[in-house]
Amino acid sequence: MTALLEVRGLRVVFDGFAAIDGLDFTVEEGELRFLIGPNGAGKTTLIDVVTGLTKPVAGSVRFGGQELVGKREHRIVRLGVGRTFQTATVFEELTVVENLDLADSFRLPLRSLLRRRRGVSDAVASALEAADLTALADKPAGVLSHGQRQWLEIGMLLVQRPKLLLLDEPVAGMSRAERERTGELLHRIASTHTVVVVEHDMEFLRKYARKVTVLHQGHVLREGSVAEVQEDPRVREVYLGRAKGKAVT
Amino acid sequence: MGALVNQLPIGLSIAAVLLLIALGLTFTFGQMGVINMAHGEFIMAGAYTAYLLQGLTSQSFLIALPVAFAVAGLMGLLLEWSLIRRFYGRPLDTLLLTWGVSLVLQQLARDVFGAPNVQVTAPGWLVGGVDLLGVRLPYNRMFIVVLAVVCVVGVWLYLTRLPAGRRMRAVVQDRELAAYSGIATGRVDRFTFLLGSGLAGVAGVALTLVGPVGPGLGTFYIVDAFLVVVAGGLGQLRGAVLAAVALGFLNSYLEFWTDASLAKVLVFVAIIAFLQVRPQGMFVLKGRALV
Amino acid sequence: MTLGRISLVVCVVLLALAPLTLSPFRLGLLAKYLCFAIVAVGIALAWGQGGMLTLGQGVFFGLGGYAMAMYLKLKEAGSAGLPDFMVWSGVEELPALWKPFGNPVFALAAVVLIPGVVAFLLGLLVFRQRVRGAYFAILSQALAAAFVILLIGQQGLTGGTNGMTNFSQFFGLDLTDPNGQRAVYAITALVLGATFLVAKLLVRSRFGRLLVAVRDGEDRVRFLGYDPAVVKTITFTISAVMAGLAGALFVPVVGIISPALLGIVPSLELLVGVAVGGRFVLAGAIAGAIAVNYAKTLFSEDFAEGWLYLQGGLFVLVLVFAPKGLAGVVESARDRLASRRQTGPAPVEVTA
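Residue numbers (our numbering), protein chains in the order written: chain B, 1 to 249; chain G, 1 to 291; chain V, 1 to 352.
Right under this line is the structure:
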């Protein structure tokens, strides 16, 4: 296995406060990695830095050997890094198919973009199926439920065909049934992609996680299997100290 | 070299005028995100207030300052209460809406005061000037500079020292949290708008010192004033002061060196160039919320 | 879409019949409204579809107009002469800037290219730095203000406040003759048709969908692998070219181009029709532009001051009560009608 993503000596400062401080983080090709930690640990900030949304003051992010720091967001996407957001953002005025098609079309040259979409590409069709949205294909995305939006977003990520997927709290706010479906979807994606998931939901974590990285105050506190991480007293303390009674058990 | 120095008080007073107008915008645009195109007409209202009051007493010019503040402030309050509060979260629609209002107000001024410009006679103590190190400092322009400084200090004190100002900043930073903390955000909005509009009225009185008063008075200055806020950074008092001074001097010196018609284009180019280096002067992307 | 098709056919027939039924004066007015309608299509693209509120469309209108006017003036003056206004303001030799405009091909290219290039450069510089929304609106307005001051100041080059007027020829057409005027009307109507078609195709293309996505979530679009600045710059450039074409046609149609037509207020007036008609629907924007300018003519004939109240009031009313314009009102009425008729199955719900 080779490292797909290598983060070294990362430091991010917001208004004088170091959100990430001296962070090293490596993801191997083909991994499914979970990223956990209390609020303010720097999980989303890490994703933001990798995808170019936030600029670090120091450190490097190498993806397949290429430096990502300093590259603009859409360039990083074109290199093969895709992400979702905590609050699923889809384009409400466009239909479900159009949302997926847009995610599929970024490789097209401009003159093909200027043409009308004819039919549905294979990638879009299979993403529709994976996200269980075939029946709603021609409805505007604005009518989707919260869970359906999350799946549409994951579907969009799939047609984008990235080498690395970064999912930011994909099951937040979902019902139990929706969480299960998302888990299956995630499982399927992980068999063919390298995936990093930020997630709070412990039940979800236990069920699907293989390797877990715990962040705390902007650096890595512990890395290991779910069981190893759960038994670590420092991890327990971090969670116990922060949110009273919300232990990692 | 002499010309360079002589141009100084002119540049300074242009900067002061811009700053006075931009100060009002710092409240309405900077704090509330409302682009009020009728701000120019509040300036006009202030100027006409000075025109109506002149000759009533010996100190009517000084009296005009607070009266114009009240007149323009109330107009702003009325505008916020009747229309703008329905448009929060729709900045572009607000811009067009207030432009419609501004058209109506301009025509109203034309119907009430007549289309030709009127003159406000400056009080005797502002006529003339003093020579300082070979530079002619006209009293009227110096008064505007002093007025601008007083207003900036006042606004700064208000924002940082007074509970009302702190409430306002709280609402700007997090409207929901402020509401949960028991702040009546609607009332804060209205008061913010009153203050910003009132400052436009004060600026209008100041403008009567350097030129005639007409229905189009506000339109003439409003674009430059918005540029000041844009270049200075949203809601930044420091930025507004710096940008006003920079734009004021740039305007006056470019007009002097090239000609007036080229100066405006060059200022525009300068602002676009500035944005290439410091786009942060114009926008702040904070937090995680996208879109 | 049959209703849309029918109204489109009706409009085309009406526009085709106009030269036969209207007096030359009225036909000229209609041609003028069509010029504004061309600008409106561009504004609907940039503002309605792309979310770029451009308050400086008068600049591009003016650039196209002045390019055309310069050619027409040189043509009239002949090979040796100077345009009339230059003689009046004491210019003795033709300025270098003017010389290439004697060539019709150059002038026609300039009508499209100058507004296009200015918009492209401005768009690239501004959108790349993620200046948007109200800030972009303010900058475009500042450009309009600066442009007008420049035109007025360069008396010898531009004719100053008076601009340029007295055009009698337009590519071999006699503008004083009713037949020449009819031909100019026909050209304007055709250009409007072409503009509408181009805009329609663009809106329906993938690019058009992308544009809507950029409008509704510029930052999200970046994470789909697109550069929103490119999308916006292209759209803004197209809308500027449309305004330039309209300005170029305005010159033979109305017979004048001057700074008073291009400043902050005229640029905003161009938006009124689009807002009233409905910025999200191209046809609505066109109808709105024609209707509002017709109303302006009506009012200016009878009582001019009333127009400013009406225009301001109209803007306020539309924004308060029908932010999507008349097209939005029509659409929601049609939806209501359709849902009343429809007794079919409820919308599909998928539960997991």
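Note that beta-carbon positions come from the ideal geometry of N, C-alpha and C, so glycine has one too.
From a predicted model like this one, the values you see are computed outputs, not experimental measurements.
Review point. Where in the region 28-98 of chain B do unbroken runs of the alpha helix (DSSP H), each at least 4 residues long, occur, reported from the N-terminal end onward?
Key: 43-50 and 73-79, all fully within the region 28-98 of chain B.
Exercise for review: Go ahead and pull the three-state DSSP assignment for V:R334.
Suggested key: Three-state result, V:R334: helix.
Practice item. Identify each residue in the region 189-218 of chain V for which the Cβ-Cβ distance to at least one residue of chain B is less than 9 Å, and report them in chain order. Key: L201, L202, R204, S205, R206, F207, G208, R209, L210, V212, A213, R215, D216 and G217
Check your understanding: When you check each C-beta in the region 151-165 of chain V against every C-beta of chain G, which residues fall closer than 7 Å?
Key -> Against chain G - using a Cβ distance shorter than 7 Å - the residues of the region 151-165 of chain V are I152, G153 and Q154.
Point to revise | First through last residue of the alpha helix (DSSP H) which encompasses V:G163 | key: Looking at the DSSP string, V:G163 is not in any alpha helix (DSSP H), and its letter there is neither H nor E.
Check your understanding: In the DSSP assignment, what residue or residues form a beta bridge with V:G217?
Key -> Looking at the DSSP assignment, V:G217 forms no beta bridge with any residue, so it has no partner.
Review point. Given B:R161, which residues of its chain have a CB within under 6 Å of its CB, disregarding the five upstream and five downstream residues?
Key: Cβ contact annotation for B:R161 (same chain, cutoff 6 Å, sequence separation greater than five): none.
Practice item. Alpha carbon to alpha carbon, how far is V:L224 from B:L133? Give it in angstroms, no decimals. Key: 20 Å
Review point. Which residue or residues does DSSP assign as beta-bridge partners of V:I43?
Key: V:I43 is not bridged to any residue.
Point to revise | CB contact check: V:G225 to chain B, cutoff 8 Å | key: yes
Exercise for review: Using the DSSP secondary-structure output, state which residues sit across from V:F106 in a beta bridge.
Suggested key: Paired residues: none, contrary to the question.
Point to revise | C-beta neighbour in chain V for B:L23, strict 8 Å | key: no
Review point. Counting only beta-carbon atoms, is G:P279 nearer than 8 Å to chain V?
Key: yes
Review point. If you follow the alpha helix (DSSP H) that G:E80 is part of, which residue opens it and which one closes it?
Key: S60 to S82
Check your understanding: Over what stretch of residues does the alpha helix (DSSP H) that includes G:F109 continue unbroken?
Key -> Contrary to the premise, residue 109 of chain G reads as Ala rather than Phe in this sequence. Here the alpha helix (DSSP H) through G:A109 covers P91 to F113.
Point to revise | Proximal residues of chain V, C-beta to C-beta of G:P116 below 7 Å | key: Within chain V, no residue comes near G:P116; the closest Cβ sits about 15 Å away, beyond 7 Å.
**Study point:** G:K264 at chain V interface by Cβ criterion, 8 Å
**Key:** yes
Review point. Would DSSP call V:F280 helix, strand or coil?
Key: Here DSSP, grouped into helix, strand and coil, assigns V:F280 to coil.
Practice item. Let me know if B:N39 comes out buried or exposed under the rule of 16 or more other beta-carbons within 10 Å of its beta-carbon. Key: exposed
Exercise for review: Report the residue ranges of all alpha helix (DSSP H) runs contained in full by the region 252-278 of chain G; include only those spanning at least 4 residues, in chain order.
Suggested key: 260-277
Review point. Should G:S261 be flagged as near chain V, meaning a C-beta pair shorter than 8 Å?
Key: Closer than 8 Å: yes.
Point to revise | DSSP three-state assignment for V:I187, whether helix, strand or coil | key: Helix, per DSSP.
Review point. What's the C-alpha gap between B:V96 and B:E129?
Key: Distance from the CA of B:V96 to the CA of B:E129, rounded to the nearest whole angstrom, comes to 12 Å.
Exercise for review: Evaluate the contact criterion for the region 28-36 of chain V versus the region 242-253 of chain V: three or more CB pairs, one atom per stretch, below 8 Å.
Suggested key: Contact between the region 28-36 of chain V and the region 242-253 of chain V is present: three or more C-beta pairs spanning the two stretches fall below 8 Å.
Check your understanding: For the alpha helix (DSSP H) that G:V228 lies in, which residues bound it at each end?
Key -> In the DSSP assignment, G:V228 falls within the alpha helix (DSSP H) that extends over L217 to G232.
**Study point:** Own chain residues within Cβ distance below 8 Å of V:G255, not counting five before or after
**Key:** T165, N166, F167 and L175
Point to revise | Burial state of G:E255, where buried means 16 or more other Cβ atoms lie within 10 Å | key: buried
Check your understanding: What does V:R341 reach in chain D if we use C-beta pairs closer than 8 Å?
Key -> Given the protein chain composition of this structure (B, G and V), no chain D is represented.
Review point. Cα separation between B:F63 and B:A3?
Key: 8 Å
Check your understanding: Which partner residues does V:G58 have in the DSSP bridge list?
Key -> None; V:G58 has no bridge partner.
Check your understanding: Using a beta-carbon distance cut-off of less than 7 Å, what residues from the region 216-234 of chain G approach chain V?
Key -> T219, V223, F226, L227 and V230
Review point. So, G:A38 versus G:V101, is the Cβ gap smaller than 8 Å?
Key: yes
Point to revise | Minimum C-alpha distance to B:R179 - residue among B:V195, B:S60, B:R149 and B:P140 | key: B:R149
**Study point:** Minimum C-alpha distance to B:G70 - residue among B:V195, B:G37, B:H216 and B:D48
**Key:** B:D48
**Study point:** Sequence-distant residues of the same chain with beta carbon closer than 7 Å to V:G160, five excluded per side
**Key:** I152
Review point. Where DSSP assigns a beta bridge to G:T192, which residues make up the other side?
Key: When beta bridges are read from the DSSP output, G:T192 appears opposite no residue.
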